[in-house]
Amino acid sequence: MVHEKGLRPGVRRRVRLAHLTDCHVACDGKATAVLKNRSIEILHDLVDQLLDRAVDAVLLGGDNIDNRGSGERDLDAFVHAIDRLPRAYCVVGNHEAVTSRSGRVTKTQFAARLHGRGISTRRFNFWTVVGDVRVIGIDTTVIGATGGRVSPHTLRFLSRCLGEATEPHVVVVGHHLLRRTWAPHHLARWDEEYLVSNWEQVVALLLQYPNVRAYLCGHHHASSIQRIGPDGASHGPDTSDASNVSNGFYHILTPSPAAYPHVARILEFDDSGIHVSALRPRLTGLMEAGLAAVLSGRKARRFATVSDTDGFLRYIAGRPDENDVFLPHNAGPSSVSFANLATSVVSARPQDAASRGGGGGGGGSVSAVTQPAVMSAACDGGMFDPDTEFHDP
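Counting in our numbering, the sequence shown runs from 13 upward without gaps.
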């Protein structure tokens with residue numbers, strides 16, 4: 013057990029993780045719905061802030077590079093930025109899991125370059141330990157597809173890691189979603205593009221372990237925090253007789269920092285829960301440009317079939333308390349107010365941007381914790397997936 017100076021014996025230190033996903037680093041990027049033209053400066057600004065905040069580890073959630081014609085240069089720029097982080101772990105997204113084509117970096121090439129940052133050559137699943145938090149990274153991608161799937165190989169890896177975890181807190185990181193955050197709206201194309209196709213199977217597995225605290229994902233470029241209760245396993249194995257079945261875990265969807273609402277997250281773990289706060293780029297004019305850009309995108313056009321513009325902006329921005337919220341570990345499935353997405357939204361009109369700190373630093377602040385800049389010898393080294401696999405056919 014690791015102790016911090018000034019803490020009573022037997023009191024565990026808090027562990028602070030950052031979740032940064034969908035950076036879409038693009039050397040030749042243009043301003044589409046995602047401000048890819050500013051992606052590199054956005055990432056460097058966030059790295060500066062993460063170093064200042066002394067996080068213990070940074071979890072990079074996929075679509076790290078845009079990989080559209082200048083993949084090698086995008087990868088160089090991404091690695092140059094994150095090499096400043098003492099401890100960062102990376103999973104792949106659909107923009108890394110592309111077919112081999114001129115100007116693109118393949119999933120295997122990306123993993124080889126990021127060797128030692130979670131993934132490694134031909135190894136796309138990993139686990140490591142940060143303080144008393146076990147982090148498990150899983151590959152949810154399908155080569156050449158936008159949608160996701162957790163392969164039988166990855167399910168076996170995940171099951172093994174969960175079964176061996178003795179840490180009080182487990183966090184699983186993947187790129188694709190395990191929940192329809194757009195419910196009650198029915199958007200079949202979004203099911204295909206954003207969900208893990210076998211999400212029921214994955215949720216059922218996670219619900220078997222009471223120390224699973226959260227599943228972190230991205231891909232959708234929207235903000236949502238939901239509690240998945242035991243009923244989330246209704247289509248999976250029957251775990252009702254197991255004495256150690258959890259009462260649920262948090263499904264935390266983090267937006268892209270390069271697209272409105274321009275948010276990454278800080279998650280601080282202690283024995284009672286997770287304090288989640290927002291981290292935003294501090295670049296001048298970013299929120300205004302991002303707001304205009306996202307309204308011109310494909311996602312806005314699709315959402316227009318079920319709601320108006322204000323409804324879309326409220327949906328992608330998420331609840332106001334998602335930017336500074338405490339998530340108790342022992343919450344029952346009905347005790348957290350994130351379950352109904354019909355009401356879990358916040359106004360995102362242009363005039364609200366300044367009041368939410370869009371032009372300044374992070375959103376909600378994290379309570380001060382005396383800790384080193386990064387845990388090294390104090391943490392277990394971690395283990396990478398020993399199997400080699402490109403992807404399942």
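For each residue, glycine too, the CB sits at the ideal point set by N, CA and C.
All of these numbers come straight from a predicted model, not from anything done at the bench.
Output needed for residue i: all residues of its chain with C-beta closer than 7 Å, excluding positions within five of it in sequence on either side, in chain order.
i, result
"D86", "V37, A38, C39, I77, D78, N79"
"G302", "L47, A271, Y272, H274"
"R116", "N79, G83, V110"
"L126", "C102"
"G309", "T44, A45"
"G393", "Caution applies to G393, whose pLDDT of 35 falls short of 50 and renders its modelled position unreliable; the value that the coordinates give is listed next. Nothing listed; no residue qualifies."
Whole angstroms is fine: what's the gap from residue i's alpha carbon to residue j's?
i, j, result
"V224", "V184", "8 Å"
"T193", "T152", "17 Å"
"S268", "H231", "8 Å"
"A366", "D34", "Note on A366: pLDDT 34, under 50, position unreliable in the model; no value is reported."
"R191", "W211", "8 Å"
"R99", "A43", "30 Å"
"Q220", "E205", "27 Å"
"G81", "D88", "14 Å"
"D322", "T178", "45 Å"
"A312", "I131", "33 Å"
"F281", "R26", "6 Å"
"H198", "N137", "32 Å"
"A343", "N259", "8 Å"
"H233", "L295", "19 Å"
"R113", "G156", "11 Å"
"T133", "A124", "4 Å"
"V147", "W139", "6 Å"
Assuming the contact rule is C-beta atoms closer than 8 Å, residue i and residue j should be a hit. Round their C-beta distance to whole Å, please.
i, j, result
"V145", "H181", "4 Å"
"H31", "G73", "6 Å"
"S235", "G330", "3 Å"
"F261", "A226", "6 Å"
"V162", "V214", "5 Å"
"R129", "R314", "Contact doesn't hold; Cβ gap of about 34 Å is too wide."
For residue i, which residues of its own chain have a beta-carbon under 6 Å away from its beta-carbon, when the five flanking residues on both sides are left out?
i, result
"A270", "H36, V46, L47, S51, I54"
"N106", "T153, T158"
"V337", "V288"
"H341", "G285"
"E108", "K119, F122"
"E300", "none"
"L207", "L189"
"I264", "A226, L228, I237"
"D203", "none"
Where does the unbroken alpha helix (DSSP H) through residue i begin, and where does it stop?
i, result
"H287", "From DSSP, H287 is part of no alpha helix (DSSP H) but of the beta strand (DSSP E) over 285-291."
"G130", "Segment: none, G130 is in no alpha helix (DSSP H) and carries neither H nor E."
"L62", "51-65"
"T120", "119-125"
"R310", "310-315"
What span of residues does the beta strand (DSSP E) with residue i cover, start to end?
i, result
"Q238", "236-240"
"R87", "Contrary to the premise, residue 87 reads as Leu rather than Arg in this sequence. From DSSP, L87 is part of no beta strand (DSSP E) but of the alpha helix (DSSP H) over 83-94."
"V145", "145-149"
"P276", "Note on residue identity: the sequence assigns Ala, not Pro, to residue 276. Note, A276: beta strand (DSSP E), 276-281."
Tell me, please, whether the CB atom of residue i is closer than 9 Å to any CB atom in chain B?
i, result
"N76", "No chain B is present in this structure, which holds just one protein chain."
Is residue i helix, strand or coil when you go by DSSP?
i, result
"E212", "helix"
"V154", "coil"
"W194", "coil"
"P340", "strand"
"L325", "helix"
"L29", "strand"
"A410", "This structure leaves residue 410 out entirely; the chain is present only between 13 and 405."
"E205", "helix"
"C173", "helix"
"G302", "helix"
"H181", "strand"
"A69", "strand"
"S246", "Note on S246: pLDDT 27, under 50, position unreliable in the model; no value is reported."
"L218", "helix"
Sorted by chain position, which residues of the same chain lie with C-beta nearer than 8 Å to residue i's C-beta, five sequence neighbours on each side aside?
i, result
"S171", "L217"
"R96", "V59, L63"
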